[in-house]
Amino acid sequence: MSTNSIDSLLHETRRFPPSEAFAASAVATNELYEKAAADRVGFWADQSRELLHWHTPFTQTLDWSNAPFARWFADGELNVAYNCLDRHVLAGNGDRVAFHWEGENGDTASYTYSELTAAVKRAANVLTKLGIGQGDRVAIYLPVIPEAVIAMLAVARIGAVHSVVFGGFSAESLRSRIDDASAKLVITADGGWRKGKVFPLKPAVDGAIANGTSTIEHVLVVRRGENEVDWTDGRDRWWHDELASVPAEHEAQAFEAENPLFILYTSGTTGKPKGILHTSGGYLTQVAFTHKNVFDLHPETDVYWCTADVGWVTGHSYVIYGPLANGATQLLYEGTPDTPHPGRWWELIQKYRVSIFYTAPTAIRSFMKIGRQVPNQFDLSSLRVLGSVGEPINPEAWIWYRDVIGGGETPIVDTWWQTETGAIMISALPGVTSLKPGSAQVPIPGVKIDILGEDGTRVDPPRGGLLVVSEPWPSMLRGIWGDPDRFIETYWSKFSVPASEGQDAVWKYFAGDGAHVDTDGDIVLLGRVDDVMNVSGHRLSTQEIESALVSHPIVAEAAVVGAADEATGQAVVAFVIIKSNQADAQTADEASALLRRHVTEQIGAIARPRQIFIVAELPKTRSGKIMRRLLQDVAEGREIGDTTTLADTSVMQIISDKLK
Ligand code: WT7
């Protein structure tokens with residue numbers, strides 16, 4: 010499973026209760042748990058009314074009659090972008106900074122809520138002019154620049170649906186996402202800055218829509234990299250030209266609460282990524298609620314920074330929608346943490362007096378490796394809340410984060426959630442919870458989590474089991490784009506109980522994670538239980554990478570495993586059989602370099618294997634299933650486990666001998 014072994018927890022037994030001063034001015038109090046426990050659904054209705062502006066107030070909260078397809082606040086109407094923009098201006102906060110932006114190359118920009126509202130209004134008019142309307146899909150393939158925020162909000166403002174594709178994904182990945190959602194428009198840039206260089210984006214867009222059958226009608230191009238781009242007249246338009254050519258005014262129209270807001274693709278256990286669908290009212294309610302209460306947001310004074318790229322769900326929920334719905338001031342940074350120097354992040358925290366900081370354990374571990382002398386050169390005293398997301402944070406990293414970055418004082422919230430859950434589901438509330446390193450701890454108020462055994466009964470601490478969400482929640486995914494059967498099969502088939510005479514059906518959401526509850530009742534996440542890897546907090550599917558490998562002409566068969574890795578949590582390790590007529594054409598090193606490049610082209614650099622072992626056989630059961638568990642033993646340098654179910658028990662010996 011993962012790096013969060015129970016052993017390492019035993020070494021850290023300290024608890025960190027909130028300081029009196031912190032608790033005294035904390036946003037969240039114990040009352041939230043009490044209210045939610047008394048009336049879970051009513052609790053969410055109250056939160057939604059308090060946190061959002063509804064053009065048409067809802068009268069129904071949850072409609073679960075067509076489970077597992079949920080409808081929240083279904084008869085209410087709202088505009089998501091209006092909630093993130095106009096209403097703050099109307100409330101007199103137009104001069105508050107919505108975000109400060111730092112380009113990796115030193116460029117900067119700041120947008121107040123008034124300025125951001127004005128920019129989004131123009132962009133909304135551009136989209137309308139280009140024929141985009143309610144329900145149409147718009148692909149966004151951008152670096153972390155202000156236009157990414159503006160583009161996403163403009164799509165939301167007109168009731169269309171965005172599908173943001175991480176800028177590190179290849180043309181092939183972009184193509185499959187555009188095609189799956191039948192997107193009409195792509196918004197991209199002439200480049201972005203990364204590791205001191207401009208990386209191109211436009212060629213990937215051109216490649217993704219080149220086959221002549223693409224549903225894409227227009228490409229909007231933001232100028233950022235100042236590099237040459239190929240141009241298709243009529244189809245391609247410069248963002249700045251288009252914005253200048255439309256009226257400044259745009260009135261936000263209300264859409265029903267279940268109007269789709271976005272699709273975001275994520276890896277599952279099969280080769281094809283799933284388009285996770287989120288809608289408007291419930292999603293915005295839970296991201297706003299969690300952003301405010303989990304991070305103890307005081308919007309008048311805090312400066313918040315979430316380091317996630319907008320291409321991931323963390324960027325959607327905790328860079329765009331949560332913080333902006335709450336009227337927060339935040340920092341956006343385009344590039345890598347170590348460019349031009351290894352203290353860049355800490356320099357930014359010092360410069361903008363960042364008070365709430367949200368990042369991933371993999372980043373923290375890489376800073377640990379460099380050493381505390383780098384952050385120690387900067388004034389980090391503005392920080393008062395730290396967050397972690399994406400994978401389990403091991404207690405050593407937790408303590409380092411608190412001591413070195415948080416000055417030994419800040420609370421750390423370890424937040425568990427997924428692309429599918431839309432918002433944080435398990436986390437401490439600073440000011441309420443006594444913190445325990447290594448544990449995400451407790452479900453947020455209004456969320457019901459259980460740990461079940463394979464047979465579906467609750468397991469008692471300290472035994473491990475499978476994590477399920479036992480009641481619907483506002484920001485839950487509404488489906489997989491275009492594939493309702495896969496939605497039910499993937500998430501709702503394992504533990505749900507069909508209706509029987511006199512008994513309603515019971516629907517339980519299976520998250521794909523292992524977990525256990527400790528004797529205090531705190532939840533400890535143990536990693537994925539399926540063929541999904543977690544590399545640097547990013548989700549990758551073993552099968553997706555295997556498909557990429559076997560698509561290369563020299564490959565006969567491939568098996569991919571996630572091997573424990575000190576820096577990235579897990580790393581991609583591949584075992585490949587080369588076709589016999591190709592085996593002599595190159596050395597194993599050449600073949601492995603070739604295939605690493607091929608995976609980068611097919612999926613993106615995040616999926617590039619750390620190692621590729623060229624082997625003659627793969628371990629298979631008699632029914633032909635590859636036993637990845639054994640390959641994982643090899644990849645992690647362990648004694649090889651039980652091989653008795655293999656069709657040919659000598660295979661593992663041959664593999665491990667060869668690799669020694
Ligand atoms: C998977 C979801 C949620 C945004 C980033 C990843 C793992 C996430 C934690 C945590 C232990 C975690 C789980 C989950 N995960 N947060 N705090 N502790 N594991 O989103 O790509 O949809 O991946 O990330 O395995 O299932 P995602």
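For the sequence shown, this note's numbering begins at 10 and goes up steadily by one. Beta carbons are placed, not taken as given, at the ideal position from N, Cα and C, and that holds for glycine. This one's a predicted model, so the numbers in the text were calculated from it and none came from an experiment.
Check                                                                                                                                                             : Outcome
For Gln-295, does the count of other Cβ atoms within 10 angstroms reach 16, so buried, or fall short, so exposed?                                                 : buried
For the structure I just gave you, are there three or more beta carbon pairs, one from the region 610 to 627 and one from the region 542 to 559, closer than 8 Å? : yes
Under three-state DSSP, which class holds Phe-67?                                                                                                                 : coil
What does the alpha-carbon distance come out to for the pair Val-456 and Ile-196?                                                                                 : 36 Å
My understanding is that Tyr-367 touches Tyr-327, with C-beta atoms under 8 Å, so please give their C-beta distance in whole angstroms.                           : 6 Å
Identify whether Gln-662 lies in helix, strand or coil by the three-state DSSP scheme.                                                                            : helix
So what does DSSP say about Met-10, is it helix, strand or coil?                                                                                                  : Annotation note: pLDDT 40 at Met-10 (below 50); position unreliable, coordinate value reported separately. It is coil, neither helix nor strand.
In terms of residue numbering, what span does the alpha helix (DSSP H) encompassing Asn-543 cover?                                                                : Taken as a continuous stretch (DSSP letters only), Asn-543 belongs to no alpha helix (DSSP H), being part of the beta strand (DSSP E) at 541 to 544.
Just the Cα atoms here: how many angstroms apart are Pro-628 and Gly-546?                                                                                         : 29 Å
What is the DSSP secondary structure of Pro-452, reduced to helix, strand or coil?                                                                                : strand
Counting contacts by CB-CB distance shorter than 7 Å, is Thr-278 in contact with chain C?                                                                         : Of the protein chains in the structure, only one exists, and it is not chain C.
How is Asp-16 classed by DSSP in three states: helix, strand or coil?                                                                                             : In this prediction, Asp-16 has a pLDDT of 46, which is less than 50 and means its spatial position is unreliable; what the coordinates show is noted afterwards. Here Asp-16 sits in helix by DSSP.
For Thr-338, write down the residues that DSSP places opposite it in a beta bridge.                                                                               : Val-312
Mind checking which residues open and close the alpha helix (DSSP H) that includes Asp-188?                                                                       : 180 to 190
For Val-195, which residues does DSSP report across the bridge?                                                                                                   : Ala-148 and Val-228
Where does Ser-326 fall in DSSP's three states?                                                                                                                   : helix
Are Phe-519 and Val-451 close, meaning C-beta to C-beta below 7 Å?                                                                                                : no
Within 8 Å, do at least three Cβ pairs link the region 297 to 304 to the region 49 to 66?                                                                         : yes
Counting C-beta neighbours from all protein chains within 10 Å, is the total for Gly-284 16 or more, i.e. buried, or is it exposed?                               : buried
Taking Asp-423 and Ser-436 to be in contact with their CB atoms under 8 Å, please state how far apart those CB atoms are, rounded to whole angstroms.             : 7 Å
Going by C-alpha distance, which of Gly-177, Asp-95 and Trp-81 is nearest His-259?                                                                                : Asp-95
Between Gly-216 and the ligand WT7, is the CB less than 6 Å from at least one heavy atom?                                                                         : no
Cβ of Asp-531 versus every heavy atom of the ligand WT7: is any distance shorter than 6 Å?                                                                        : no
Just tell me which of Ala-133, Val-106 and Gly-112 has its CA closest to the CA of Glu-124.                                                                       : Val-106
Within its chain, find whatever has a CB closer than 6 Å to the CB of Gly-205; leave out the 5 residues flanking it on each side and keep chain order.            : Thr-348
Buried or exposed, going by whether 16 or more other CB atoms sit within 10 Å of the CB of Val-515?                                                               : exposed
I'd like the list of long-range same chain contacts for Ala-133, defined as Cβ closer than 6 Å, with 5 residues on each side in sequence excluded.                : Ala-163, Arg-166, Ile-167 and His-259
When we look at the beta-carbon of Asn-88 and count the other beta-carbons within 10 Å, is it buried (16 or more) or exposed?                                     : buried
Could you check whether Trp-407 and Ile-421 sit closer than 7 Å to each other, using their CB atoms as the reference points?                                      : yes
Under 6 Å from any heavy atom of the ligand WT7, does the C-beta of Thr-299 make it?                                                                              : no
Looking at Ala-573 and the ligand WT7, is the gap between the Cβ and the nearest heavy atom below 6 Å?                                                            : no
Taking DSSP as the reference, what is the three-state secondary structure of Gln-595?                                                                             : coil
Verify whether the separation of the beta carbon atoms of Ile-533 and Gln-579 is less than 7 Å.                                                                   : Residue identity check: residue 533 is Val in the sequence provided, not Ile. No, the Cβ-Cβ distance between Val-533 and Gln-579 is not below 7 Å.
Closer than 8 Å by C-beta to Pro-384: which residues in its own chain qualify, once you throw out the five before and the five after it? Chain order, please.     : Gly-352, Trp-355, Phe-376, Val-413 and Ile-414
Check this for me: beta carbons of Thr-288 and Arg-487, under 7 Å apart or not?                                                                                   : yes
Just verifying my parser: in three-state terms, what is the DSSP assignment at Lys-378?                                                                           : helix
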